[in-house]
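One structure is given below, encoded as structure tokens.
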Amino acid sequence: MLLHMITIYTSPSCSSCKKVIDYFNKEEIPYVQKDIFSSVLKESELKDILIKSENGTDDIISKRSKIIKEAKVDIDQLTISQLIHFIQDNPSVLKRPIIVDDHRIQVGYNEEDIGSFLPIAKKMALWACRMCPENKTCDHSNDDKNGD
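In structure tokens form, the structure reads like this:
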């Protein structure tokens, strides 16, 4: 069985991004952090985010963004391909942070919402620790004594 990590899309100056990263670190939830400005987001990543967003572009794109206003872009009129290329060329239009797992996304930092998001991730992490060949020597192996 392939275990997928959580991906957190961030930017360096985002205070909400820092809160999410701090929370994941404190809870020892494994994740992959991707700075949306230091690497081009893959088409597959953006499609995955769009598919999982309940309200489509409203969930992930800041329509008040300077770029959208100046270019007079109507996001709702773009094809999926055009939208993906627009985001790749202008990653600052994305709301941040965006947290993605195999089944859902969470946009922004809301302590109550993120709390309900993470238990599955924690269980996945514990499962991964049990499957790890270094389980007996890993610091996490002691976390699983409570039977989770």
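The sequence shown: position 66 = 70 (our numbering), numbered continuously.
All C-beta atoms, glycine included, are put in the ideal place defined by N, C-alpha and C.
Here the structure is a predicted model, which is why all the values come from computation and not from measurement.
Name the two residues that bound the continuous alpha helix (DSSP H) containing residue i.
i	result
residue 53	47-56
residue 104	Element bounds for residue 104: not the alpha helix (DSSP H) but the beta strand (DSSP E), 102-104.
residue 29	19-30
residue 76	Careful: residue 76 lies outside any alpha helix (DSSP H) and carries neither H nor E.
Locate the beta strand (DSSP E) running through residue i, then write down its first and last residues.
i	result
residue 110	109-111
Quick one: what does DSSP say residue i is sitting in, helix, strand or coil?
i	result
residue 87	helix
residue 64	helix
Which residue's Cα is closest to the Cα of residue i: the options?
i	options	result
residue 32	129, 43, 85	129
residue 43	13, 27, 54	13
residue 50	136, 93, 133, 18	93
residue 99	85, 115, 68, 88	68
residue 108	48, 47, 19, 56	56
residue 113	16, 11, 73, 21	21
Just grab the DSSP bridge partners of residue i for me.
i	result
residue 38	13
residue 82	Answer is none; residue 82 lacks a bridge partner.
Might you give, ordered along the chain, the residues of its own chain that have their beta carbon closer than 7 Å to the beta carbon of residue i, omitting 5 neighbours on each side?
i	result
residue 110	103, 117, 118, 121
residue 9	34, 35, 36
residue 60	54
residue 95	40, 41, 45
residue 82	90
Excluding the 5 residues preceding and the 5 following residue i in the sequence, name in chain order all residues of the same chain whose CB lies nearer than 8 Å to its CB.
i	result
residue 77	71, 90
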